[in-house]
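Visitor: Below is the structure I would like to discuss, written out as structure tokens.
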Amino acid sequence: MSGETIKIEFELPKELFLKGRAVTQTLIKAEALKRLAATFYADGSLSLGKAAQLANVSKQDFLDFLATHNIPLNYDVHELEDDLSTVKEFLQNESRL
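Here it is, written out as structure tokens:
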């Protein structure tokens with residue numbers, strides 16, 4: 002993400018975040034950021050890494066969040082081919098050792 006930011010303030014119903022548990026303002030903001038980041042990730046506006054960065058969580062924590070909310074990974078054939086090539090190269094290098 003670039004260094005330029007915008008500040009957006011808006012109100013949401015608290016019930017969206019309670020789900021039967023006590024929450025603080027900090028937890029509500031963290032949840033809202035994760036949901037916003039997940040939306041941008043799901044529509045392809047942000048990569049996984051950038052979405053995790055926006056949500057202020059690790060990539061693994063963001064992946065867990067996506068899984069919990071049934072949001073599929075953006076993973077296309079090109080990425081699969083790149084990953085397979087990387088694995089093949091790794092295995093060839095391992096066999097040389």
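All the letters of the sequence shown, read from the start, carry residue numbers 2 to 98 under our numbering.
Note that beta-carbon positions come from the ideal geometry of N, C-alpha and C, so glycine has one too.
(1) According to the neighbour-count rule (16 or more other Cβ atoms, all chains shown, within 10 Å of its Cβ), is A38 buried or exposed?
(2) Just to check my reading of the structure: L34 and L47 have Cβ atoms closer than 8 Å, yes? What is that Cβ distance to the nearest angstrom?
(3) What first and last residue would you give for the alpha helix (DSSP H) that runs through S86?
(4) Give every residue of the same chain whose Cβ lies closer than 6 Å to the Cβ of F66, excluding the five residues on either side of it in the sequence, and list them in chain order.
(5) Let me know if F11 comes out buried or exposed under the rule of 16 or more other beta-carbons within 10 Å of its beta-carbon.
Guide: If we stick to the structure as given:
(1) The sequence position of residue 38 within the sequence shown is 37, counting from 1. Buried, by the Cβ-count rule.
(2) Stepping through the sequence shown from its first residue, residue 34 is reached at position 33. Stepping through the sequence shown from its first residue, residue 47 is reached at position 46. Wrong, their Cβ atoms sit about 12 Å apart, outside the cutoff.
(3) Counted from its first residue, the sequence shown places residue 86 at position 85. First-last of the alpha helix (DSSP H) with S86: 78 to 97.
(4) By 1-based counting over the sequence shown, the position of residue 66 is 65. So the qualifying residues of the chain are K35.
(5) As a first step, residue 11 must be located in the sequence shown, where it is residue number 10. Label assigned to F11: exposed.
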